[in-house]
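Working notes, beginning with the structure itself.
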Amino acid sequence: MVYVPNTDKDRAKMLAVIGVESVDDLFYDVPKELRYPQIELPEPVSEMEVLRELQEMSESNVDLLHTPSFLGAGAYYHFIPSVVDTIISRSEFYTAYTPYQPEVSQGTLQAIFEYQTMICMLTGMDVANASHYDGGTATAEAVIMAVAVGKGKRRRIVVSPRLHPEYVQVVRTYVQGMDIQVVGDENPHASLEDIAGLIDSNTAGVIVQVPDFFGTIEDYGTLQALADKAHQAGALFIVVAYPISLGLLKPPAEYGADIVLGEGQSLGNPLSFGGPYLGFFACKEEYVRRMAGRLVGQTVDTQGRRGFVLTLSTREQHIRREKATSNICTNQGLNALAAAVYMSALGKQGLRKVAELCYHKAHYAARRIAEIPGYRLLSDKPFFNEFVVRCPKPAADINRYLYEEWGIVGGFEVAKVCPGLEDSLMFAVTEMNTRDEIDALVEALREVASNG
Amino acid sequence: MAIKIDPNCYYTKSHEWVRVEGNEAWAGLTDYAQDQLSDIVYVELPEEGDSFKQGEVFATVESVKAASDVYMPLSGEVLEVNEQLSSAPELINQDPYGDGWLIKFTPSDLSELGKLMGPDAYEKFLKEEEEKGGH
Amino acid sequence: MAKIVEPLIFELSSPGRVGATLPELDVPPADIPAELCREDLPLPEVSEVDVVRHFVRLSRMNYGVDLGIYPLGSCTMKYNPKVNEVAARLPGFVYTHPYQPEDQVQGNLQLMWELQEMLKAISGFAGVSLQPAAGAHGELTGILIMRAYLHDQGETQRDTILIPDSAHGTNPASTAMAGFKVVEIKSDERGNVDLEHLKANLNDRVVGLMLTNPNTLGLFDEHVCEVSRLVHEAGGLMYGDGANMNAMLGIVKPADLGIDVMHFNLHKTFSTPHGGGGPGSGPVGVVEKLVPYLPGPIVDIQVVGEEEHAGHVHEDEEEMVEVFFRLVMPAKSIGRVKTFYGQFGVMIKAYTYIRMLGAEGLRRVAENAVINANYLMAKVKKVYPLPYDRLCKHEFVVEGKFKDAPDIHALDISKRLIDYGVHPPTNYFPLIVPEALMIEPTETESLESLDYFADALLRIAEEAKTNPELLHEAPHNTPVSRLDEVGAARNPILRWKPAE
């Protein structure tokens, strides 16, 4: 039988050693009337058949390997060097468990230590954990941490209205049992100056996103001023960042961040329809004991050799139980490994180059689109690789035209999160978009505008 | 190695000691407690000015594999915390009644000493714990 | 296992090196304002060859299921089928963006919908959300569902969750995150929930009981239906921690035992790999009355009229019916617990596994898992003290201590097992058994593998008496010997820093 090596003969031997007559005896304590229920599942198939089925299923999708796309909004199509999959396919990495026995897990432990280091390098923070599930849950954990740092006395969180809407939704789900107030996202057109006005002595944390959900890079001076206001009130300043942008932009440590977190999918992890992704999380040294998630630390063995172990474990659920910093156990280990390999392969020069390619291509696209009569950029503020365009027709209609007539997966329909902007599309451009693809997008947009 | 008991202290059932000197008091963990915890790696102490009632958690002590709450032996307000413990938590293991002190505080109600054990009573209590097979 | 001292990637770095190639810029460059940019990006500079060698050498210092038995209790380290890996890498799945319009991703939505249905069939629940990313995440989700339901019923005074003393640490941690208090319920001498202690703690402040069944002792609760009945009678709900589902597949449905909400661990029961600490996936199943509260979006199926969408033809039924899969938010959803839809890449693997096993196959999984565990238990119980002398399910717990070797602890036995080339079982958990060794072989271990493991345990028990130093100084042939965890915690070094 598939994946079970033992035969009837083996089992007969084993039952004899156990001292029972039949397998059924081993389930004596399962109520007899409930035992062996009927389970409605499709008939099992062989490996060959299941792969054929799945091939058909996957091929019924429109996928971005075969179709140019300008979709972003929190998940980005970046190039993943082949070495990443080579490494995460090594079964010593992917069939291993959490490294609780360090002597037989130095591979995982050292790789995570390197990942932690590189996240610190990218963000300017002092320490980083081994991962959260994604950017949204990492944000929720930052909220919990900010309240804990305030010893539970301050219970208000101010969020930028331009934080990824799904992140705010996740935060609100997490805090529904916790008597924590989340404010700031009620008015999507508010500015950072507006939300500064919401900071008070009850505020535990202030969360902004850079670049924000709509792709805009806020002025660093404004961000520093907001950080200062947060600190004066005794609150933490939390920045949600797009890691590829950090190949170019200032690390948030330089404008007052206490915690930097975000979605690490763009670091070597594929789009994969939304998961598994990677919540990266880093903070300043003084807060490390309030940080949730696994931490790998460096130490020595009995011979004085350098080695790595999980450390500061008393923060975690398996020891602290209901007083733990979080309930997180399994995290996104293999995705963090992929990120470590990605950051190692690209390195200092490569990541900068990826960021520049994204920047230049996006600005080329924005300039050309803005030149089309009827189209204009929503904002004239600086952006990295994503921007919102106001279109002469409903965004949904334009996207449909782009796909049906030109085979292009268009932008994100902003009205989905911002009612009132039914004419707006948000385009993301990465190093994966060639000039031809961008030019085709421009032509397609021009065409749909001029067609009656 | 025999467990040490300081003759000048009073003791709680949760293995804290308290020593009163005039209208000030010192508190810490007993030798038995540090032995049970083994190597202490971190101590979370309260702030000066914090007040606690007898029996309330005022500190947490961590070893590699466990975290233990430390309970206030007498009600009072914290005057001073042992700053040395942040860089040398092992002082609790090495000298639990001396350099390993946790806080100095002003007791608010010395009659609460009546609820604690003297050194002899604590010694007896420890023997009973051993017999019960305290892990 | 290779014994190499591997430098950190930063120590292999040399200025000017790059490990990946990128295309040249094919558009006119835009102006990048200098004040926007960072001054330095201190990432390593390593060639591709060195990146590969570094991580391959690291991998050789790891133990995985593909090397040998990995008997961690309640982790279900079963063999990870390779077809799962191929399936999850199909480009049609991998290169889909979560915000593509539904009609472009019907293949994905179909897979998710079918997985939802499969999990319902296996467990007896009426609704499933695939969104939670791991077991603990599913626990928090489930507790928030219970809270939302009870609040809707006007039962806002309920603020306590009962948790057996053998429970995994995530149970109380998740409870605290939902804003509830924990009351610990004792186990009786047979390892069941102590009914008297349970009754004494049931009142109108109880939200529910979190039950792992079989529990972390590997024991199926002999009164489980009574436990459910009592909790329901008190107005509470039953949460099932599905970590130990491997013993129940095809044997009994959790919903039939009175469980109202349960999380699955796809990375345990359903063979998706553990990845060195994730990614996992923790879907949640609920009974009918809790369905509206599920986190979302979830996938719904719509039968299509001829004029509407060119949907995906569903071929299971004899009559071809055109259907369309769409994402919907349950009517009273607790909200989203994660961005997007869940760990899709992990779902593909679980789906593939269930397709290859079918109902019969899943039952054989549970039967063999339980036979394997009982066999091991029978072979070692004369030497390793067994706290609960009962037939176990898919795992069992022994005490790692010997009367005539008082200086030997579970830790020493574990480290010595490494010298025998196997991964140790779980140590020091559950907390109610001193010097606990929690052993779960899973169904994918052969008789020979089990005999080898049992033999190693018995030999080590002998060594404990005749040559205890072998245990105290173990492991002997790993890249590093025992590590100073005290030093690591006292002076944490959590990142590499360049020399000043």
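Residue numbers (the working numbering), protein chains in the order written: chain W, 658 to 1109; chain A, 22 to 156; chain X, 90 to 589. For every residue, glycine included, the Cβ atom is placed at its ideal position computed from N, Cα and C. Quick caveat, the model's predicted, so the values are computed rather than measured.
6 Å CB neighbourhood of residue i in its chain, flanking five on each side removed
i, result
"X/G400", "Unreliable placement is indicated for X/G400, whose pLDDT of 44 sits below 50; the coordinate value is still reported in the next sentence. These residues qualify, in order along the chain: V393, E411, V412 and F413."
"X/L233", "A267 and I423"
"X/E395", "Here the model assigns X/E395 a pLDDT of 48, short of 50, so the residue's position is not dependable and the matter cannot be decided."
"X/E397", "With a pLDDT of only 41 at X/E397, under 50, the local geometry of the prediction cannot be trusted, and the value read off the model is given with reservation. Around X/E397: no qualifying Cβ."
"W/T873", "S1036, K1038 and F1040"
"X/G385", "M418, P419 and S422"
Range of the contiguous beta strand (DSSP E) that encloses residue i
i, result
"X/G180", "One point to set straight first is that residue 180 of chain X is Pro, not Gly, in the sequence displayed. Segment P180 to V183 is the alpha helix (DSSP H) holding X/P180; no beta strand (DSSP E) there."
"W/T956", "V953 to V957"
"X/I528", "A525 to I528"
"W/V707", "No beta strand (DSSP E) contains W/V707, which is instead part of the alpha helix (DSSP H) from E704 to E716."
"X/Q391", "I387 to V392"
is_contact[residue i, chain A] using C-beta, thresh 7 Å
i, result
"X/R571", "no"
"X/E574", "yes"
"X/A578", "yes"
"W/R977", "yes"
Residues bridged to residue i (per DSSP)
i, result
"A/R40", "A/W47"
"W/C940", "W/V784 and W/I916"
"X/M351", "X/G329 and X/G374"
"W/Q838", "W/R813"
"X/F485", "X/I528"
"X/G216", "X/V375"
"W/L893", "W/G862"
"W/M948", "Note: W/M948 sits in no beta bridge, so no partner."
"A/Y31", "A/V39"
Cutoff 7 Å: residue i Cβ touching any chain W Cβ
i, result
"A/A54", "no"
"X/A265", "yes"
"X/N463", "yes"
"A/A23", "no"
"X/E396", "Reliability of the predicted coordinates at X/E396 is poor, the pLDDT of 41 falling under 50, and the value obtained from them is presented with this limitation in mind. Output row for X/E396: interface = no."
"A/A88", "yes"
"X/V271", "yes"
"X/E404", "Note that X/E404 has pLDDT 48, beneath the 50 cutoff, so the model's placement of it is unreliable and the number below is only indicative. No, X/E404 lies away from the interface with chain W (no Cβ there is under 7 Å from its Cβ)."
Close-in-space but distant-in-sequence residues of the same chain around residue i (CB under 7 Å, 5 per side omitted)
i, result
"X/R106", "E134, V135 and S136"
"X/G339", "A448, L451, R452 and A455"
"W/A1012", "I901, S902, G904 and L905"
Beta carbon proximity, residue i to chain X, threshold 7 Å
i, result
"A/V85", "yes"
"A/T51", "no"
"A/L147", "no"
"W/M1020", "Residue identity differs from the one stated: residue 1020 of chain W is His in this sequence, not Met. So yes, W/H1020 belongs to the interface."
"A/H156", "In this predicted model, A/H156 has a pLDDT of only 42, less than 50, meaning its place in the structure is not dependable; the value taken from the coordinates is given anyway. It does: the Cβ of A/H156 has a partner Cβ on chain X nearer than 7 Å."
"W/D686", "yes"
"W/S1036", "no"
"W/C1015", "no"
"W/E716", "yes"
Own chain residues within Cβ distance below 8 Å of residue i, not counting five before or after
i, result
"W/A1101", "Y1058, L1059, E1062, W1063 and I1065"
"X/G364", "H356"
Range of the contiguous alpha helix (DSSP H) that encloses residue i
i, result
"X/P611", "This structure cannot settle anything about residue 611 of chain X, because the visible part of chain X is limited to 90 through 589."
"A/V64", "Run containing A/V64: none in the alpha helix (DSSP H); it sits in the beta strand (DSSP E), I61 to E65."
"W/V654", "Residue coverage of chain W in this structure runs from 658 to 1109, which leaves residue 654 of chain W outside it and unanswerable."
"W/P822", "P822 to Y831"
"A/P140", "P140 to K153"
"X/A578", "E574 to R579"
"W/D665", "D665 to I675"
Near the ligand NAD: residue i beta-carbon under 6 Å from a heavy atom
i, result
"X/E203", "No copy of the ligand NAD occurs in the structure displayed, which carries no ligand at all."
Which residue spans inside the segment 67-121 of chain A form an unbroken beta strand (DSSP E) run of at least 3?
78-84, 88-92 and 97-102
In the segment 417-458 of chain X, which residue ranges form an unbroken alpha helix (DSSP H) of at least 4 residues, counting only runs that do not cross its ends?
none
Just to confirm the assignment: which complete beta strand (DSSP E) runs, minimum length 3, are found wholly within the segment 238-323 of chain X?
249-253, 270-274 and 295-301
Entirely within the segment 132-177 of chain X and at least 3 residues each: give me those beta strand (DSSP E) ranges in chain order.
none
Enumerate, from N- to C-terminal direction, the unbroken beta strand (DSSP E) stretches of 3 or more residues contained entirely within the segment 962-1039 of chain W.
963-967
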